[in-house]
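K.L.:
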Amino acid sequence: MANTFLNLTLLIFLHLSMPTFSMKLTTILTDQSALFALKDHVIHDPDNVLTINWIGVRCGFKHRRVTSLDLTGFGLVGTLPPHLGNLSFLSLLYLTDNSFYGRLPVQLSKLRRLKLINLGNNSLSGEIPSWLGSLTELRSLSLYHNNFNSSIPPFIFNMSSLQIINLKNNILSGSIPSVPRDLLSLQHIHFSYNNLTAHIPRDMFDHLPNLKGLYLSFNLLSGRIPTSLCRCKELQILSLSYNHLEGSLPVEIGNLSMLQFLYIGQNHFEGEIPKEIGNLTLLEQFDCDSNNFTGTIPREIGNLKNLQVLNLGVNNIAGPIPPAIFNISALLSIALYSNQLSGHLPSSMGLWVPNLEELYTLG
Ligand SMILES: *[C@@H]1O[C@H](CO)[C@@H](O)[C@H](O)[C@H]1NC(C)=O
Ligand SMILES: *[C@@H]1O[C@H](CO)[C@@H](O)[C@H](O)[C@H]1NC(C)=O
Ligand SMILES: *[C@@H]1O[C@H](CO)[C@@H](O)[C@H](O)[C@H]1NC(C)=O
Ligand SMILES: *[C@@H]1O[C@H](CO)[C@@H](O)[C@H](O)[C@H]1NC(C)=O
Ligand SMILES: *[C@@H]1O[C@H](CO)[C@@H](O)[C@H](O)[C@H]1NC(C)=O
Ligand SMILES: *[C@@H]1O[C@H](CO)[C@@H](O)[C@H](O)[C@H]1NC(C)=O
Ligand SMILES: *[C@@H]1O[C@H](CO)[C@@H](O)[C@H](O)[C@H]1NC(C)=O
Ligand SMILES: *[C@@H]1O[C@H](CO)[C@@H](O)[C@H](O)[C@H]1NC(C)=O
Ligand SMILES: *[C@@H]1O[C@H](CO)[C@@H](O)[C@H](O)[C@H]1NC(C)=O
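Under mature numbering (1 follows the signal peptide of the UniProt record, and there is no 0), residues -22 to -1, 1 to 341 are what the sequence shown spells out, in order.
Encoded structure:
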C-alpha cells in the first residue's frame, strides 16, 4: 500500500533511532524539504491539503521516497519551486486543475524516473522547455489548457516511450515538427486550440504506426492532408476542423479501417467526397461541413451501419440523396443544408431511422 506524507514523517522518526539508515534518512529529508518548498510557493490552499493531511503524496514501499505527487483539483494557487527537482524517485506528477503559474523550473529535468506528467488546466507560461526531452521514461505529457507560447519543440517527437502528448489549448505557434523516427508507443497527439501554422509535415505519418487519435482542430494549418496518413492503420479519431486546409480528401482515407470519428469541417477542402469513405464501416461521426466539396453524395455512405452523425452542410454537393442513407438505423443527426441537393426524402424514412433526432436538409 502507498503511504501518505504523515506516514513518511513517522518513518523519519523511526529512522532517527537507527543510525545505519542515515543515508536513507538524508534522502527522505530531501523529499520532505522539497514538499515544504512546494507548500511555501503556494499562496492559496483552500482545503489546507499542504498543511493538514498531504493527501496525494505517495511513497515507495521499500525506499520510502516520494514516488507520486497528485494534487489534482485542490484550487492551489502558486508557482513550482526548483526543489521539486529533488524528488528523484518521482514517477507521477499530477498538478491538474489548479492555478499554478510561472514557468516550469529546469530542475524538473533531474526527475529521470518521471513517467506521467499532467500539469493541465493551470496558468503556466513560457516555452515548452527542451529539457523535457531528457525524460526518457515519459509515457504521458499533458500540458493542455495553459499559456505556453513557444513553438512545439522537435524533441517532442523524439521520446520513444511517449504514448500521449496533450498540448491542447495553449498559445503555441509555428509549424508541427517532423517525426524523425518510428514512435511505436505514440497513440494520441492533441494539438487542438493553438495557433499552429504551415503544412502538416508530409512525413508526419510515416513513423506513427500505432496512432489512434490525432487532434489538430482550431489552428491555422494550411496545405493538404498528406496521403501518408493512410499508414496510420490504427487511427480511430481524426480531427482537423477549423483550419485552412485545402485540396481533396485523399481516397486513401478508405484504408483507415478503424476510423470512428472524422472531423474535417470549416476548411477549404474541395473535390468529391471519395466513395472509399464507404469502407470505413466503424465510422460513427462524419463532419465535413463548410468546405467546398462538389459532386454527389457517394451512395457507399449507406454502408456505414454505425454512422450516428452525418454533417455535409454548407458545401456545393449536388444531385439526389442516396436512399440507403436513410436505412442507417444508428443515425441520430443528418445535416445537408446549403448544398444543391435535389429529390425527395423517402416516405419510408421513419421506419428505418428510428433514432433520428435531428434532420437538417433545407437552406
Ligand atoms: C534541493 O533543491 C534546491 C533547489 O533546486 C537546492 O537549493 C537544494 O540544495 C537541494 N537539496 C536538498 C537536500 O534540499
Ligand atoms: C479547470 O479546473 C477548474 C478547477 O480549478 C474546473 O472548474 C474547470 O472545469 C477545469 N477546466 C477544464 C477545461 O478542465
Ligand atoms: C511568450 O510570452 C512571453 C511573455 O510572457 C514573451 O516574452 C515571449 O516573447 C513570448 N514568446 C512568443 C514566442 O510569443
Ligand atoms: C533525438 O534523439 C537522438 C538520439 O537519441 C539525438 O541524437 C537527437 O539529438 C535528438 N533530437 C532532438 C531534436 O532532441
Ligand atoms: C492566434 O492567431 C490569431 C489569428 O492570427 C490571432 O488573432 C490571435 O491573437 C492569436 N492568438 C494568440 C493567443 O496569440
Ligand atoms: C489501401 O487499400 C487498398 C485497397 O482498398 C490497397 O490496394 C492499398 O494497397 C492500400 N494502401 C495502403 C497504403 O495500405
Ligand atoms: C469555395 O470556392 C470558391 C471558388 O473557388 C471560393 O471563392 C470560396 O472561397 C471557396 N470557399 C471555401 C469555404 O473554401
Ligand atoms: C474500398 O472501397 C472501394 C470503392 O467503394 C472498393 O472498390 C474496395 O473494394 C474497398 N476496399 C476494401 C478493402 O474494402
Ligand atoms: C433498406 O432496407 C430495407 C430492409 O432491409 C430494404 O428492403 C431496402 O432495399 C433498403 N433500401 C436501400 C436503399 O438500401
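Backbone N, C-alpha and C define an ideal beta-carbon position, used for all residues, glycine too. Predicted, not measured: the structure shown is a model, and the values here were computed from it.
1) Between Asn144, Val287, Arg36 and His41, which has its C-alpha nearest Leu71's C-alpha?
2) Comparing C-alpha positions only, which one of Asp23, His177 and Pro301 sits nearest to Ile33?
3) Relative to ligand 2, is the shortest distance from any of its heavy atoms to the C-beta of Gly76 smaller than 7 Å?
4) For my contact list, His246 and Leu223 are in at a C-beta cut-off of 8 Å; report their separation, rounded to the angstrom.
5) DSSP state of Cys37, grouped into three classes?
6) In three-state terms, what does DSSP make of Ser118?
7) Please classify Lys146 as buried or exposed, where buried requires at least 16 neighbouring CB atoms within 10 angstroms.
8) Quick one: residues in its chain with C-beta nearer than 8 Å to the C-beta of Ser170, no 5 flanking neighbours on either side, listed in chain order?
9) How would you call Lys88, buried or exposed, if buried means at least 16 neighbouring beta carbons within 10 angstroms?
10) Taking the beta strand (DSSP E) that Val287 belongs to, which residues open and close that run?
11) Cutting at 7 Å between CB atoms, please list the residues of its own chain near residue 430, excluding the five before and the five after it.
12) So, with DSSP's three-state summary, where would you put residue 343?
13) Helix, strand or coil for Gln165? Go by DSSP, reduced to three states.
14) To the nearest angstrom, how far is the alpha carbon of Pro252 from that of Tyr122?
15) With a threshold of 6 Å on Cβ separation, who are the neighbours of His19 within its own chain once the five nearest residues in sequence on each side are excluded?
16) Mind pulling the beta strand (DSSP E) runs of 3 or more residues that sit fully within the segment 23 to 77?
17) What is the rounded straight-line gap between the Cα of Pro179 and the Cα of Pro155?
18) Would you identify the three-state DSSP class for Ser265, choosing helix, strand or coil?
19) Nearest CA to the CA of Gly63: which residue from Thr4, Gln286, Leu92 and Tyr79?
20) Of the residues Gly225, Phe264 and Pro204, which one's Cα is nearest the Cα of Gly249?
21) Kindly indicate the opening and closing residues of the beta strand (DSSP E) around Leu282.
22) What does the Cβ neighbour count give for Gln286, buried or exposed, with the cut at 16 atoms within 10 Å?
23) Consult DSSP for Thr272 and reduce its assignment to one of helix, strand or coil.
24) Can you tell which of Ser268, Cys266 and Ile303 has its C-alpha closest to the C-alpha of Asn284?
25) Looking at the secondary structure, which residues open and close the beta strand (DSSP E) in which Ala176 lies?
26) Can you tell me the Cα-Cα spacing of Pro298 and Arg159, whole angstroms?
27) Answer yes or no: the CB of Asn124 versus the heavy atoms of ligand 2, is any distance below 7 Å?
28) Counting along the chain, where does the beta strand (DSSP E) carrying Gly249 start and finish?
29) Buried or exposed: which applies to Phe135, given that a residue is buried once 16 or more other Cβ atoms fall within 10 Å of its Cβ?
30) Could you check if Asn99 belongs to the surroundings of ligand 2, using beta carbon to heavy atom distance under 7 Å?
31) Looking at ligand 3, does it come within less than 7 Å of Asn127, judged from the CB to the closest heavy atom?
32) Taking 7 Å as the cut-off, is the CB of His19 close to at least one heavy atom of ligand 1?
P.N.:
Here's the rundown:
1) Looking up residue 71 in the sequence shown gives position 93. The candidate whose alpha carbon is nearest that of Leu71 is Arg36.
2) Residue numbering aside, residue 33 sits at position 55 when the sequence shown is read from its first letter. Closest option to Ile33, Cα to Cα, is Asp23.
3) If you number the sequence shown from 1, residue 76 lands on position 98. According to the sequence as given, residue 76 is Asn; it is not Gly. Yes - ligand 2 has a heavy atom lying nearer than 7 Å to the Cβ of Asn76.
4) Start at 1 with the first residue of the sequence shown, and residue 246 comes out as number 268. Start at 1 with the first residue of the sequence shown, and residue 223 comes out as number 245. Confirmed, Cβ separation roughly 7 Å.
5) On the sequence shown, position 59 is the one that residue 37 refers to. Of the three classes helix, strand and coil, the one that applies to Cys37 here is strand, per DSSP.
6) Here residue 118 corresponds to residue number 140 of the sequence shown, with the count starting at 1. Reduced to three states, the DSSP call for Ser118 is strand.
7) Against the sequence shown, residue 146 aligns to sequence position 168. Answer is buried; the Cβ neighbour count reaches 16.
8) The residue labelled residue 170 in the question sits at position 192 within the sequence shown. So the qualifying residues of the chain are Lys146, Asn147, Tyr193, Leu194, Ser195, Phe196, Asn197 and Ser217.
9) Taking the sequence shown and counting its residues from 1, the one referred to as residue 88 is at position 110. Looking at its Cβ environment, which holds 16 or more other Cβ atoms inside 10 Å, Lys88 is buried.
10) Within the sequence shown, residue 287 is the residue found at index 309, counting from 1. Val287 -> beta strand (DSSP E) spans Val287 to Asn289.
11) Residue numbering for the chain in the displayed model covers -22 to 341; residue 430 lies beyond these limits and cannot be assessed.
12) Residue 343 is absent from the structure shown; the chain starts at -22 and stops at 341.
13) In the sequence shown, the residue the question calls residue 165 occupies position 187. Looking at Gln165 - three-state DSSP - the assignment turns out to be coil, as it is neither helix nor strand.
14) Locating residue 252 in the sequence shown gives position 274, counting from the first residue. Locating residue 122 in the sequence shown gives position 144, counting from the first residue. Straight through space, the alpha carbons of Tyr122 and Pro252 are spaced by roughly 34 Å.
15) Here residue 19 corresponds to residue number 41 of the sequence shown, with the count starting at 1. Around His19: Gly56, Thr57 and Pro59.
16) 35 to 37, 44 to 48 and 70 to 72
17) Looking up residue 179 in the sequence shown gives position 201. Looking up residue 155 in the sequence shown gives position 177. About 7 Å.
18) On the sequence shown, residue 265 is found 287 positions in, with the first residue counted as 1. Inspection of the sequence shows that residue 265 is occupied by Asp rather than by Ser. In the structure shown, Asp265 falls within a strand segment according to DSSP collapsed to helix, strand and coil.
19) Locating residue 63 in the sequence shown gives position 85, where the first residue counts as 1. It is Leu92 whose Cα lies nearest to the Cα of Gly63.
20) On the sequence shown, position 271 is the one that residue 249 refers to. Of Gly225, Phe264 and Pro204, the residue nearest in Cα terms is Gly225.
21) Locating residue 282 in the sequence shown gives position 304, where the first residue counts as 1. Run containing Leu282: none; DSSP gives neither H nor E here.
22) Residue mapping note: residue 286 aligns to position 308 of the sequence shown, counting from 1. Answer is buried; the Cβ neighbour count reaches 16.
23) For this step, residue 272 is matched to residue 294 along the sequence shown. Thr272: strand per DSSP, three-state reduction.
24) In the sequence shown, the residue the question calls residue 284 occupies position 306. When only C-alpha atoms are compared, the closest one is Ile303.
25) To locate residue 176, count along the sequence shown from 1; it is residue 198. Counting along the chain, no beta strand (DSSP E) covers Ala176, and no H or E run does either.
26) Stepping through the sequence shown from its first residue, residue 298 is reached at position 320. Stepping through the sequence shown from its first residue, residue 159 is reached at position 181. In a straight line, the C-alpha of Pro298 is about 46 Å away from that of Arg159.
27) As a first step, residue 124 must be located in the sequence shown, where it is residue number 146. Because no heavy atom of ligand 2 lies under 7 Å away, the Cβ of Asn124 does not count as near it: no.
28) For the purposes of this step, residue 249 is taken as residue 271 along the sequence shown, with counting starting at 1. Segment His246 to Glu250, the beta strand (DSSP E) holding Gly249.
29) Here residue 135 refers to the residue found at position 157 when the sequence shown is read from its first residue. Per the 10 Å Cβ criterion, buried.
30) Translated into the one-based positions of the sequence shown, residue 99 becomes position 121. It does: the Cβ of Asn99 is within 7 Å (strictly closer) of some heavy atom of ligand 2.
31) The sequence position of residue 127 within the sequence shown is 149, counting from 1. Answer for Asn127: yes, Cβ within range of ligand 3.
32) Along the sequence shown, read from residue 1 onward, the residue named residue 19 stands at position 41. No, since every heavy atom of ligand 1 falls outside the 7 Å radius drawn around the Cβ of His19.
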